[in-house]
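Peer 1: Sending over a structure as structure tokens; questions will come in a sec.
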Amino acid sequence: MVSFSATNFYKLYKPSKCEKRVWLITNRPELAEDDIEFIELLKRRGKILEFRHLATLGSYQEPRSHNHDYRGRYEETLELIENQTPIIYQPVLLDPDGLFAIPDFLIFEPYTQKYKLRDVKLAINIKEHPEIALQLGLYRLAVEKVLGYTPNTEIVLGDSTLIDFEPASESEVISAIEHIISIKHLKTEPFEPVGWSKCNQCVFFNYCWAAAVCNCDISTVPYVDQSACIALANMDVTNYDHLHEFSEELLADIKRPWGKRVQKIGPTTAKKIKLQINALKTNQTIIGQKPELPTGFSPYQRPVVIFDIEDDPFDPDLGVRVYLWGVLISGQGGLQQTNLFFAEPGIEGDEKGWFDFLNYAFQVFENHGEIPFIHYSAHERTMVNKYIERYGDPCGIADRVLNNLWDMYPCIVRNLFLPVHSYGLKHLEKLVGFERSQADYGGLWSIIQYDKYVQAPTTDEAEAILTKILTYNAEDLAATLKVYEWLESIC
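Count along the sequence shown from 1, add 645, and you get the number used in the working numbering.
Structure, rendered in structure tokens:
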């Protein structure tokens, strides 16, 4: 009876859009890695938000039948609607075409004598989630067929903000459904370029990425964007040994989709691609131009600060929270001092973690002056700005941190071509010979560990988990320093 549910949209778009994942889930599910811990985390966090919002609505009713008795719950939903029940929680809606929807709430508005549709989401920036627009478009379509009118639609965001929302249109929903069904029925897996940031959190990552690297796939070459991969694949160019034979001029002239337009790869990107392939093929670092260290700093000048944070983007209280502010001071003679400021759960713990970090930053400036806070990628700057907005910067210390932040990532990618398939820290640390003590690590791993810490039934278990988290961040700091020292040797 049920042929299509909104979970299919998530399979297409999460963690990033991938048609191949839709096909693999349907046809080769045994290739998937186990991600049950992360899925359970998201479900639990989502339910926390859902129940928290439910508590603000007053009296409510929900279908009584067993959760998997969809036909029974659908018929009970119709009864609740017929009786103009003010708040219907977890209504079930089916239609003869096979559409299946379980929105979080149907809310009756006495002044319009109509129901409106409301759903709770962990996400904060809805524009980055086309799967949500399609999901609520499907929900609205299913509700519309039952009620006979188009309901207003609202979303409760991950930070508890309630917004009006315009879902995907009926034509967009139907088109997406037909597209997904067609992918599932393909005889062979569809072509899909890989990409480190695109793929590294997918359950099929090990299957797809390993094959792509082994085959010298063009999509494993930094600077070859996804659209360029598709354009080159249409020319039967999928191997970067083949692409290496192209002249810069020929490569620059290739057209690929770019937004709503078509655009040439261009000479600048073509040159970068050629140099990047050379680096991969020779396993050598190629210096495009000499990198420059933080303003006023020369190689091996000390002290410098290494700065790295760990954050949880699914926090039910704040939407996103930094649970660990990590700082390493690298001094003269190889002396190192690491300080990790862990923020306990809850809003008070979050605020304390922020001001603990600021107090320490003040001491750093008092003792060492305006020295650089070296980090890798723009994330640290983004989160410092977010916390200034959240809790303020009464003494101006955070502003001084911002003024002294120095992001190593753009310095490297603007000047160097390395024998790596991604310029993420985890790739560069291996290139420079850094070794970690823990077999499991990574940003998503850390979020899962933090969630386990929050849920731990005993103090001993919580402390053991916390030790792993602290070790991970300390080694992130040490790895960043190792990469910086390597960069100094080039400068």
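All residues carry an ideal CB built from backbone N, CA and C; glycine is no exception. In this text, all values refer to a predicted model and were calculated from it rather than measured experimentally.
Spatial neighbours of Ala1138 within its chain, please: C-beta separation below 6 Å, excluding the five flanking residues on both sides.
Peer 2: No information on residue 1138 is available, as it lies outside the stretch 646 to 1136 that the chain covers here.
Peer 1: Is it buried or exposed, Ala651, if we count other Cβ atoms within 10 angstroms and call 16 or more buried?
Peer 2: Classification of Ala651: buried, given that the 10 Å Cβ count is 16 or more.
Peer 1: What is the DSSP secondary structure of Ser650, counted as helix, strand or coil?
Peer 2: In the structure shown, Ser650 sits in a strand (DSSP, three-state: E or B).
Peer 1: Name the two residues that bound the continuous alpha helix (DSSP H) containing Phe696.
Peer 2: Segment Ile681 to Leu699, the alpha helix (DSSP H) holding Phe696.
Peer 1: Taking Cβ positions, are Leu1132 and Thr930 nearer each other than 8 Å?
Peer 2: The answer is no: Cβ separation not under 8 Å.
Peer 1: Here's the rule I'm using: 16 or more other beta-carbon atoms within 10 Å means buried, otherwise exposed. How should Met646 be labelled?
Peer 2: Model confidence at Met646 stands at a pLDDT of 36, short of 50, so the residue's coordinates are unreliable; what they give is reported in the following sentence. Label assigned to Met646: exposed.
Peer 1: In chain order, what residues of the same chain lie with their CB nearer than 6 Å to the CB of Gln982, ignoring the 5 residues before and after it?
Peer 2: Cβ within range, chain order: Ile974.
Peer 1: Compare the C-alpha of Asp740 against each of Arg716, Tyr968, Gln846 and Lys843 and name the closest.
Peer 2: Considering only alpha carbons, the answer is Arg716.
Peer 1: Can you give the Cα-Cα distance for Ile684 and Ile670, rounded to whole angstroms?
Peer 2: Cα-Cα distance, rounded: 15 Å.
Peer 1: Any idea what DSSP makes of His1020, helix, strand or coil?
Peer 2: Here His1020 sits in strand by DSSP.
Peer 1: Please report the residue range of the beta strand (DSSP E) in which Asn879 lies.
Peer 2: Per DSSP, Asn879 belongs to no beta strand (DSSP E) and is neither H nor E.
Peer 1: Go ahead and pull the three-state DSSP assignment for Arg1140.
Peer 2: Residue 1140 falls outside the range modelled here, since the chain spans only 646 to 1136, and no answer is possible.
Peer 1: I want to know whether the region 810 to 818 touches the region 765 to 783 - three or more CB-CB distances under 8 Å.
Peer 2: The region 810 to 818 is in contact with the region 765 to 783.
Peer 1: Within the continuous beta strand (DSSP E) that includes Arg709, where are the two ends?
Peer 2: First-last for Arg709: undefined, no H or E at that position.
Peer 1: From Asp1044 to Gly1037, what does the alpha carbon distance come to, in whole angstroms?
Peer 2: One C-alpha to the other measures close to 10 Å.
Peer 1: Report the CB separation of Ser1134 from Tyr1117 in whole angstroms; it is logged as a contact under 8 Å.
Peer 2: The Cβ separation is near 26 Å, so there is no contact.
Peer 1: What separation, rounded to the nearest whole angstrom, lies between the Cα atoms of Arg673 and Gly978?
Peer 2: Near 55 Å, if we compare the C-alpha coordinates of Gly978 and Arg673.
Peer 1: Out of Leu744, Pro912, Lys759 and Val1099, which has the shortest C-alpha to C-alpha gap to Tyr794?
Peer 2: The option with the nearest alpha carbon to Tyr794 is Lys759.
Peer 1: Which of helix, strand or coil does DSSP assign to Glu727?
Peer 2: DSSP places Glu727 in helix when its eight states are reduced to three.
Peer 1: So for Asp1085, helix, strand or coil by DSSP?
Peer 2: Three-state result, Asp1085: coil.
Peer 1: Going along the chain, which residues of its own chain have a beta-carbon closer than 6 Å to the beta-carbon of Pro912, five neighbours each way excluded?
Peer 2: Answer for Pro912: Ala897, listed in chain order.
Peer 1: Under 8 Å, with one C-beta from each stretch per pair, do the region 980 to 995 and the region 1014 to 1030 reach the 3-pair mark?
Peer 2: With a cut-off of 8 Å, the region 1014 to 1030 and the region 980 to 995 do not count as touching, because too few Cβ pairs lie within range.
Peer 1: Could you tell me the alpha carbon to alpha carbon distance between Asp962 and Lys692, rounded to whole angstroms?
Peer 2: Distance between the alpha carbons of Asp962 and Lys692: 13 Å.
Peer 1: Gln982 bridges to which residues according to DSSP?
Peer 2: DSSP lists Ile974 as partners of Gln982.
Peer 1: Tell me the DSSP secondary structure of Ala746 in three-state form.
Peer 2: Here Ala746 sits in strand by DSSP.
Peer 1: Using the C-alpha atoms, what's the distance from Ile1057 back to Ile951?
Peer 2: Cα to Cα, Ile951 sits roughly 16 Å from Ile1057.
Peer 1: Would you call Gln1008 buried or exposed, if buried means 16 or more other Cβ atoms sit within 10 Å of its Cβ?
Peer 2: Counting Cβ neighbours within 10 Å, Gln1008 comes out exposed, since fewer than 16 surround it.
Peer 1: Using 10 angstroms around the beta-carbon of Ala1023, count the other beta-carbons present and answer buried if the total reaches 16, otherwise exposed.
Peer 2: The residue is exposed, with fewer than 16 neighbouring Cβ atoms inside 10 Å.
Peer 1: Just verifying my parser: in three-state terms, what is the DSSP assignment at Phe959?
Peer 2: DSSP places Phe959 in strand when its eight states are reduced to three.
Peer 1: Should Asp953 and Arg966 be called a contact, given that it needs their Cβ atoms to be closer than 8 Å?
Peer 2: Not a contact, by the Cβ cut-off of 8 Å.
Peer 1: Per DSSP, Gly964 is paired with what?
Peer 2: Asp960.
Peer 1: What span of residues does the alpha helix (DSSP H) with Gln1008 cover, start to end?
Peer 2: Its alpha helix (DSSP H) spans residues Ile992 to His1013.
Peer 1: Taking the C-alpha atoms as reference points, what is the distance between Arg689 and Asn928?
Peer 2: Cα to Cα, Arg689 sits roughly 45 Å from Asn928.
Peer 1: For a test of the three-state rule: what should DSSP assign to Asp1105, helix, strand or coil?
Peer 2: Looking at Asp1105 - three-state DSSP - the assignment turns out to be helix.
Peer 1: Cα separation between Tyr885 and Val1099?
Peer 2: Cα to Cα, Tyr885 sits roughly 46 Å from Val1099.
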